[in-house]
Amino acid sequence: MRRSQQKAKKKKWPWIVGILGLIVIGVGIYLFSIYNSFTNTMDEIHEPLDRPVSDMRVDEVKLDEKDPFSVLLLGVDEREGDRGRSDTMVVLTVNPEDKTTKMVSIPRDTYTEIIGRGTMDKINHAYAFGGIEMSMATVENLLEIPIDYVVQVNMEGFKDIVDAVDGVTVNSPMAFDGYSAGEIHLNGDEALGYVRMRKEDPRGDFGRQDRQKQVIQGIMREGASVNSLVNYKDIFTALGNNVRTNMEFSEMMEVQKNYRDAVGQVDQIIVEDGYGETIDGIWYYMMDENELAEIKSTLKDHLNM
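Quick note on numbering: our numbering labels position 239 of the sequence shown as 275, and the sequence is numbered without any gaps.
Shown next as structure tokens:
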């Protein structure tokens, strides 16, 4: 009896090993397909620029040596037959030694010199006049720091990214047209309306910047969840259709390896001491000189300049 039981046990093991082997192979194929789709998407969104190194840098940033670097995030409101304008402009500086990232949202109506055009105008018009390169040069001139990388997101396609992660949950600070105060879950169209609203917010563009940050953090949180693995094809398709960056795939891998702790700790720098001024019938935001000088100093120190 014991011998037959032992035989039965021995016969079970090959089946168990076989099943485990199939599971491992299946998981391996699945993970490879994700990796393969990821690399294809990264190749698709990569868009090299005419200016590979900022004029403000003596030496090129070396991510493998953990040099601090900067990124300009451009949320672009593209229109048919028109290049559009940068609806959102956010500058990030990343320092792996401090393990922190500084983030400053530049009010889109900021009155400044548009570099390459030689005129004073709203900073978000730089994209309409000269695209990504003119936006980068204008931000560099305003903040007096080099901009090493840029990430451009089509705001109309922004909703596709939100839908790809099955929506985002945010904590709305106020109730406004169709949105209730408190914790709410938003689909793509709702998220786009949430980040675009400005007129009903008593804080204007500043309240809008906070809501944009909420949705961006929600996308990052949902994108990192287990559930997102099931939707990875939709996520990669949405990214491929709506995101462009000059950062190469190999550089993204270096950031993942060497800057993970810094990217996880974001310190927001608030622009709030400026004032509005009307020039020739057009309203502009004038940054406070002392506040701007402090922001410049903070970002320079963070970049070890």
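Glycine residues also receive a C-beta, built at the ideal position from the N, C-alpha and C atoms.
Taking the straight line between their C-alpha atoms, what separation do you get for residue i and residue j?
i: glycine 276; j: leucine 110; result: 16 angstroms
i: methionine 125; j: valine 140; result: 9 angstroms
i: glutamate 290; j: alanine 227; result: 31 angstroms
i: glycine 154; j: valine 279; result: 29 angstroms
i: lysine 269; j: isoleucine 331; result: 40 angstroms
i: isoleucine 151; j: methionine 92; result: 14 angstroms
i: valine 187; j: alanine 211; result: 31 angstroms
i: glutamate 325; j: tyrosine 311; result: 11 angstroms
i: methionine 323; j: arginine 247; result: 21 angstroms
Along the alpha helix (DSSP H) that carries residue i, what are the first and last residues, could you check?
i: glycine 166; result: 161 to 179
i: serine 286; result: 285 to 294
i: tyrosine 230; result: 224 to 232
i: methionine 191; result: 191 to 200
Identify the continuous beta strand (DSSP E) that holds residue i and give its terminal residues.
i: aspartate 303; result: 302 to 305
i: glutamate 325; result: Unbroken run through glutamate 325 is the alpha helix (DSSP H), 325 to 338; no beta strand (DSSP E).
i: methionine 322; result: 318 to 322
i: valine 206; result: 204 to 208
i: lysine 138; result: 136 to 141
i: valine 94; result: Where valine 94 is concerned, there is no enclosing beta strand (DSSP E), given that its DSSP letter is neither H nor E.
Sort the options by Cα distance to residue i and report the nearest one.
i: asparagine 282; options: Asn72, Glu83 and Asn76; result: Glu83
i: phenylalanine 105; options: Asp184, Asn278 and Asp309; result: Asp184
i: asparagine 76; options: Phe285, Gly317, Val130 and Ser208; result: Phe285
i: methionine 170; options: Ala162, Lys293 and Pro182; result: Ala162
i: lysine 249; options: Arg232, Gln292 and Gly312; result: Arg232
i: aspartate 196; options: Ile271, Glu80 and Glu180; result: Ile271
i: proline 182; options: Glu96, Thr273 and Gly240; result: Glu96
i: proline 143; options: Ala164, Arg239 and Glu287; result: Arg239
i: glycine 193; options: Ala274, Tyr320 and Tyr321; result: Ala274
Sorted by chain position, which residues of the same chain lie with C-beta nearer than 6 angstroms to residue i's C-beta, five sequence neighbours on each side aside?
i: threonine 129; result: Ser106, Lys138, Leu335, His338 and Leu339
i: valine 302; result: Thr137 and Met139
In chain order, what residues of the same chain have a beta carbon less than 8 angstroms from the beta carbon of residue i, not counting five sequence neighbours either side?
i: glycine 218; result: Asn207 and Ser208
Ignore the nearest five residues each way along the sequence and tell me which others in residue i's own chain have a CB closer than 7 angstroms to its CB.
i: glutamate 308; result: Phe242
i: tyrosine 215; result: Ser208 and Tyr230
i: tyrosine 295; result: Val130 and Pro132
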